[in-house]
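Encoded as structure tokens, the structure appears first; notes follow it.
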Amino acid sequence: MYTLEMPWSVPVSIRLQSGVERSFASVYDALDFLQNEWPTRHGYRYERAIQQCGEALRRTLPSAVAREAFIAACLEAGMSAAGRPQTAAVKQIASAAQVKFQPTGFGA
Numbered sequence: 108m109y110t111l112e113m114p115w116s117v118p119v120s121i122r123l124q125s126g127v128e129r130s131f132a133s134v135y136d137a138l139d140f141l142q143n144e145w146p147t148r149h150g151y152r153y154e155r156a157i158q159q160c161g162e163a164l165r166r167t168l169p170s171a172v173a174r175e176a177f178i179a180a181c182l183e184a185g186m187s188a189a190g191r192p193q194t195a196a197v198k199q200i201a202s203a204a205q206v207k208f209q210p211t212g213f214g215a
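Residue numbers (the working numbering): 108 to 215.
And the structure:
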């Protein structure tokens, strides 16, 4: 059974390739975006984010893990992300993807 509201303590904000900013406050918001609006529909981190968001909604995985998977998928797809990472893994992914992770918001 899915529980739709699993809010994150810190929302994830992304900047789409079109320049539009979007904010995601929960696992459900992220999964909905991944399934219905995702620009590339492929990639290891994209697939993993879908899997882990689903697991978090079924309460078999912590929502913080799904949050990090969503951020990693955004970085893999070339979108910048803002929000505090919960582990160094996201910073490492951002570095590997040559995308700047902005912990406090979007720069000018």
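We treat Cβ as the ideally placed atom computed from N, Cα and C, and that holds for glycine. Source: prediction; values computed, not measured.
Endpoints, the alpha helix (DSSP H) within which residue i is located
{"i": "Val172", "result": "Ser170 to Glu183"}
{"i": "Arg155", "result": "Tyr151 to Leu164"}
The beta strand (DSSP E) enclosing residue i, as first and last residue numbers
{"i": "Glu144", "result": "Premise fails: Glu144 is in no beta strand (DSSP E) and is neither H nor E."}
Residue closest to residue i, alpha-carbon to alpha-carbon, out of the options
{"i": "Phe177", "options": "Arg152, Thr167 and Arg166", "result": "Arg152"}
{"i": "Asn143", "options": "Gly150, Ser130 and Ile157", "result": "Ile157"}
Beta-carbon contacts of residue i that lie in its chain and below 7 Å, excluding the five residues immediately before and after
{"i": "Pro114", "result": "Ala132 and Ser133"}
Contacting residues, own chain, Cβ-Cβ under 8 Å from residue i (five flanking each side not counted)
{"i": "Leu141", "result": "Tyr153, Ala156, Ile157, Cys160, Phe177 and Ala180"}
{"i": "Ser120", "result": "Glu128, Arg129, Ser130, Phe131, Ala188, Ala189, Gly190, Gly212 and Phe213"}
{"i": "Ala163", "result": "Met113, Val134, Pro169, Ser170, Val172 and Ala173"}
{"i": "Leu123", "result": "Arg129, Pro146 and Met186"}
| request: For the stretch 115-142, list the beta strand (DSSP E) runs that are entirely contained and at least 3 residues long, ordered along the chain. | output: 128-133
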